[in-house]
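Protein chains: 2
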Amino acid sequence: MIKKYTSGRPINTQAVVEQFDSISIKELPFKNKIDNGKFIFEFDMSEDDIVYGLGEAPRGINKRGWVYESFCSDDPFHTETKSSLYAAHNFIMLYGSNTFGIFIDFPAKIRWDIGYTSSNKTVVAIDGTDFDIYFIDNGTPIEIVKEFRKAIGTSYIPPFWAFGYQQSRWSYHNAAAVDAVIDGYNKADIPLDSVYLDIDYMQCYKDFTVDEEKFPDFKKYVEEKRRQGIHLIPIIDAGVKKEDGYSVYEEGRDNGYFCKTEDGSDFEGGVWPGIVGFPDFLREDVREWFGSKYKVLTDCGIDGFWNDMNEPAIFYSEKGLENALNKAVDMKGKNLDLSKFFELKDTFLGLSNNAEDYSSIYHTIDGRQVCHDKVHNIYGANMTKAAGEYFEKEFGKGKILMFSRASYIGAHRSSGIWFGDNHSWWSHILLNLKMLPSANMCGFLYCGADLGGFNENATRDLVLRFLALGVFTPLMRNHAALGTRNQECYNFENCEDFKDIVQVRYRLIPYLYRIFCKASEENDMIFRPLSFDYPDDKIARECETQLMLGDECMICPVYEQNVNGQYVYLPEDMTFVKLSGTNVSTEEMKKGVHYIDVRLNEVPLFIKQGKQIELCSPALRTSFLNAEDCIMIP
Amino acid sequence: MIKKYTSGRPINTQAVVEQFDSISIKELPFKNKIDNGKFIFEFDMSEDDIVYGLGEAPRGINKRGWVYESFCSDDPFHTETKSSLYAAHNFIMLYGSNTFGIFIDFPAKIRWDIGYTSSNKTVVAIDGTDFDIYFIDNGTPIEIVKEFRKAIGTSYIPPFWAFGYQQSRWSYHNAAAVDAVIDGYNKADIPLDSVYLDIDYMQCYKDFTVDEEKFPDFKKYVEEKRRQGIHLIPIIDAGVKKEDGYSVYEEGRDNGYFCKTEDGSDFEGGVWPGIVGFPDFLREDVREWFGSKYKVLTDCGIDGFWNDMNEPAIFYSEKGLENALNKAVDMKGKNLDLSKFFELKDTFLGLSNNAEDYSSIYHTIDGRQVCHDKVHNIYGANMTKAAGEYFEKEFGKGKILMFSRASYIGAHRSSGIWFGDNHSWWSHILLNLKMLPSANMCGFLYCGADLGGFNENATRDLVLRFLALGVFTPLMRNHAALGTRNQECYNFENCEDFKDIVQVRYRLIPYLYRIFCKASEENDMIFRPLSFDYPDDKIARECETQLMLGDECMICPVYEQNVNGQYVYLPEDMTFVKLSGTNVSTEEMKKGVHYIDVRLNEVPLFIKQGKQIELCSPALRTSFLNAEDCIMIP
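Chains A and B, in that order, are what the protein sequence lines are. Once you know that position 506 of the first sequence is 506 in our numbering, the rest is easy, because the numbers rise by one and skip nothing. Each position in the second sequence, counted from 1, maps to that position plus 634 in our numbering.
Shown next as structure tokens:
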């Protein structure tokens, strides 16, 4: 049962598609107050209550014991003490002595103190007084999630081939580099469906351009790759390079499509192309315009995109840089002083994604100038909506692969997400796992992390173990940053082990695609915390290293280096399946604690009693898979 | 059996105290070459071989699958992909199909590629050709460690009270702040033996001064605290503030005691006090001079110190800052360009601990000018030696508590170490655990991490779980950084839980002190990997979440948030002991995998069959402990 409490005059984020009558915020069943322009409410928690939610966010599946902030952030250091990642997914659910869900539909900052300041209290501070709160109770956790998901609308389903294995890097900067990747995979006989084009495929990082020196006849090249069964997925950034003669910029400028400063001039920030204008995606006409620009690439046969830098990320503003330089000039020749030194260093460090810069950006909503601070969290979602609306109109539902870095609930109807610029850290295997059920609760089904880790150097075993989790994530993409070690499977020793793991993915695709579509249709989750299925099992309730998958399975990836095994907890008797390339071994296992052997080329999977899943033969491309050719296991 | 292979003319680091005949490096039983001035050797590893060692270093107990660098580094972000921490402990041990230890006595950089580039190969690159390699074989891992430890001499034993619980923060900046801490602990009835003075107790961060406004009659104050059973532990930094009229600086300058630049002038770098001179601790006369300065504080009754910033940390040099400012001035008014922006930002970021600055520092060794690059890793160790030599001469062995941030093997004879500026991250509980056996192998017995985490905000449960490991570490110190949440036990809700944990420590002190002294006398380890005791047990061999403690125990801390339990593996039948304040519960447990319940106020401990340990009654100070009043458990 959903109740909608309205305060003030909320901005329409289009997150919710069902209609609900508004109840006055005064009726909200939580202790609350308005303090310094913020609406603050709180609720108590019993000692063993769990708090789920927040989608793409740091830390555990259980969000207790930390303070989070809804604020789409371009911050690549996903350490434990961060409060935000790239998304703002304002749904939480208390599960325990009392069970209910809360969605706060509000596009600016929200601070969630979930047992941080006081262990048994959640205090939520909304940075304003214009918002809707949806309160959902009377149900089990999965019932509450389904009711919420119904309210926010059906989740995006990508094309079938998007379930294939995907290889990315910043950057495969020309056709020869892309060919080398495809060749490397072909020679190693490792399946592959997509290769990504990061920012260097463009002319000087200009959206909707292709550098002709790097890709001489792009359309022909794309078609040639398609004949090889490979999809090329170019990146699109939020900022449009300021350059006379560049038509996208000129159209944006001449039509007033870019975000403004207070005085009505275009806001200008520095990103990859240098100075850019930021399209005001909150306007329908701007979305229509920007969305139609993707045609340049779809006309070349491109059928997949990733939208990036749309938090929006801003390396610097002209004003910020000028201030920093002035400070430096001021200090020149003066006596050194430690506090001045740190002040200067911090000024340069603080140039990127600077709060003052964000505050100086203005959008136009229904003819009104609205400060960016009030709508920050829906900027990226609306960029993706621009593309999604165009694709659906032009090609119909689910024909184009689309996923985004920044997101807000609602964007799940038109795209997937990836979890941003993670690191080649073992701990990020578990972080990836932990975000899966949280993202599912918020509607995002097509998602995944950069397998092997984006930043810094990966090791062979890390990539293998990361991929062995990625086998189950709808988006299975290996991605790495400029300057890091080559991370493509064929670049490591004994790449047969990689072949085994990626082949397991292809064998599972019919099953994974089936449960994905079912979850979308039924507003269900693909990945669930164990507690959803075993509410009375103490160990299952606190387990954050395993997940339930569909109605049939439990997964348990290995997430430590230099081990050949892994602890696992079985909440009931299950069949332990070890998958590896063309091999399948099964073993009945009793409820309880076990230590299982898992070699680097193996994927562990547990199947519930009385359940079976289909497994097909591996193939080099999703298009070669034969779903008729499945065996059932166990 | 130890063999010493000598190449060139090694600098005498005084790491090894036993005499060995030199064998020509040509006889070294490893494939080797000299490449670009580096001596590089390698050995193969079987798939299941383990590599132990490197003391204070990132990542696992098993060092396989990463590349490390011996280079004392002031870097507070102890993430998985770092290659160095504050120490350079050049001992590794291969354990498996072949078992041997290697100590490289060399004070400059060494790169250890332990199965990173090639999974089954270790490649060690020594940044020079003047070094000794000690090769130790023919023994079990513990025999090899003991033989190595005998060669490097007996480990430092601190005063008994240094086993008490210690509270630190950057900073308790005056007497009232210190009193408030003691008062807080007294009122909460939580044991405490020491309170730390971080940099703010000094006059403008000047070594061997006390700010009289903050501590009006320091000697009287120290005596008063001692009557309350509390030891005050001041910090000493490596750099000496450049200030006319400051006697320590003037003596250093006038006697030529500071490190030089190439032209013979004093090298000047910016640290906490602003511009400082760095004493050339590699000279015996400078050590004697600097060591004798501690008298200012020991005369006030101080009997414990921590040496900091001695990697050495350098925030900036005048030259580096000038270059950065010039770059900024140059850019002013010019057109923006992304690469220029990043260049400038990176210049400011790179000012601290800058390689060019290090290269411009010169030491005097036997009358020769030696570039800092050649001796970087023994700088901090010699600072600590300066103090240790003075204390031993003046007070005798083990009377003064002394530990250091930077270290090199050899310093273990005169001091302990702490593991530097960690974070309030759950993952740092395990990092702490993993460094304990590694540090022990290298002679460092008195050691520990900043419990609760130094940087960023801690949560109540994190501090409790961190302390529950710290109960077993010889140095049990809670420490937190400026600007972070208060981390003293009494500042959290229900501090009875903290009382339980700290009381467990005091009950264990007679046992811990006994095994500590025994380990020092017998060149033994206090903490061992499980594989040392159970070499044929596959699960034990790869376990990195538990440690053997003394001859009697196994420890297994809880290291995750929001859990009431923990997986544990018993390599044999053991007694599971749960300790909590004045309570003890015991349970016989069978060999195998278990999930144990451990509440926030409990410390889990496993005792081997047929073994017992002594447990005394808790007390508020170590001086109140009655070792006669012990019970034996189980």
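For glycine and all other residues, C-beta sits at the position ideal for the given N, C-alpha and C.
- By alpha-carbon distance to residue 248 of chain A, the top candidate from A:474, A:224 and A:203 is A:203.
- At a cut-off of 8 Å between C-beta atoms, residue 666 of chain B does not count as an interface residue with respect to chain A.
- No Cβ-Cβ contact shorter than 8 Å links residue 134 of chain A with residue 173 of chain A.
- Within 7 Å of the CB of residue 328 of chain A, the CB atoms of chain B belong to 959, 962 and 963, in sequence order along the chain.
- Contact note: residue 561 of chain A reaches chain B through 694 and 699, using a C-beta cutoff of 7 Å and chain order.
- Look at the stretch 838 to 897 of chain B and you find these whole runs of beta strand (DSSP E), each 3 residues long or longer: 865 to 871.
- By the Cβ neighbour-count rule, residue 554 of chain A is buried, with 16 or more other Cβ atoms within 10 Å of its own.
- Contact check for residue 760 of chain B against residue 672 of chain B passes: the beta carbons are separated by less than 8 Å.
- Taken residue by residue, none of the stretch 805 to 831 of chain B has a beta-carbon sitting less than 9 Å from a beta-carbon on chain A.
- Runs of the beta strand (DSSP E) spanning 3 or more residues and lying entirely within the stretch 454 to 524 of chain A occur at 476 to 478, in chain order.
- Under the criterion of beta carbons closer than 8 Å, residue 356 of chain A and residue 73 of chain A do not qualify as touching, at roughly 16 Å.
- Take the alpha-carbon of residue 730 of chain B and the one of residue 564 of chain A: they are about 15 Å apart.
- The three-state secondary structure of residue 658 of chain B, taken from DSSP, is strand.
- Residue 1183 of chain B: member of the beta strand (DSSP E) spanning 1181 to 1183, first to last residue.
- Residue 376 of chain A is outside the set of residues whose beta carbon lies under 8 Å from a beta carbon in chain B.
- Annotation for residue 173 of chain A: no beta strand (DSSP E) segment contains it, and DSSP assigns it neither H nor E.
- Contact annotation: residue 651 of chain B and residue 787 of chain B have beta-carbon atoms nearer than 8 Å.
- Looking only at B:792, B:770 and B:887, the smallest Cα-Cα distance to residue 784 of chain B is reached by B:770.
- For residue 315 of chain A, the nearest CB of chain B lies under 8 Å from its own CB, placing it at the interface with that chain.
- With 16 or more neighbouring CB atoms inside 10 Å of its own CB, residue 478 of chain A falls in the buried class.
- Assignment of residue 106 of chain A by DSSP, reduced to helix, strand and coil, places it in the coil class.
- Pairwise C-beta distances place the stretch 76 to 94 of chain A in contact with the stretch 43 to 54 of chain A, as three or more of them are shorter than 8 Å.
- When beta bridges are read from the DSSP output, residue 756 of chain B appears opposite B:677 and B:748.
- Setting aside the 5 residues that flank it on each side, residue 128 of chain A is surrounded in the same chain by 108, each with a C-beta closer than 6 Å to its C-beta; the list follows chain order.
- Here the alpha carbons of residue 648 of chain B and residue 1060 of chain B stand approximately 37 Å from one another.
- Taking a contact as a CB-CB distance under 8 Å, the pair residue 418 of chain A and residue 447 of chain A counts as one, their CB atoms being some 7 Å apart.
- Straight-line measurement puts the Cα of residue 1040 of chain B at about 29 Å from the Cα of residue 669 of chain B.
- The count of Cβ pairs closer than 8 Å, one atom from the stretch 99 to 107 of chain A and one from the stretch 456 to 463 of chain A, stays below three, leaving the stretches out of contact.
- Less than 8 Å divides the Cβ of residue 196 of chain A from the Cβ of residue 166 of chain A.
- Just measuring C-alpha positions, the residue of A:408, A:284, A:560 and A:250 sitting nearest residue 365 of chain A is A:284.
- Using a CB distance cut-off of 8 Å, residue 461 of chain A counts as an interface residue toward chain B.
- In the DSSP annotation of this structure, residue 957 of chain B is not part of any beta strand (DSSP E); the continuous alpha helix (DSSP H) holding it starts and ends at 952 to 965.
- From the beta-carbon of residue 281 of chain A, no residue of chain B is found nearer than 9 Å; the closest lies around 23 Å away.
- Contact annotation: in the stretch 352 to 364 of chain A, residues whose CB is within less than 9 Å of a CB in chain B are 352.
- Following the DSSP letters along the chain, one finds residue 438 of chain A inside the alpha helix (DSSP H) bounded by residues 427 to 441.
- The CB of residue 425 of chain A comes closer than 7 Å to the CB of 713, 714 and 715 in chain B, given here in chain order.
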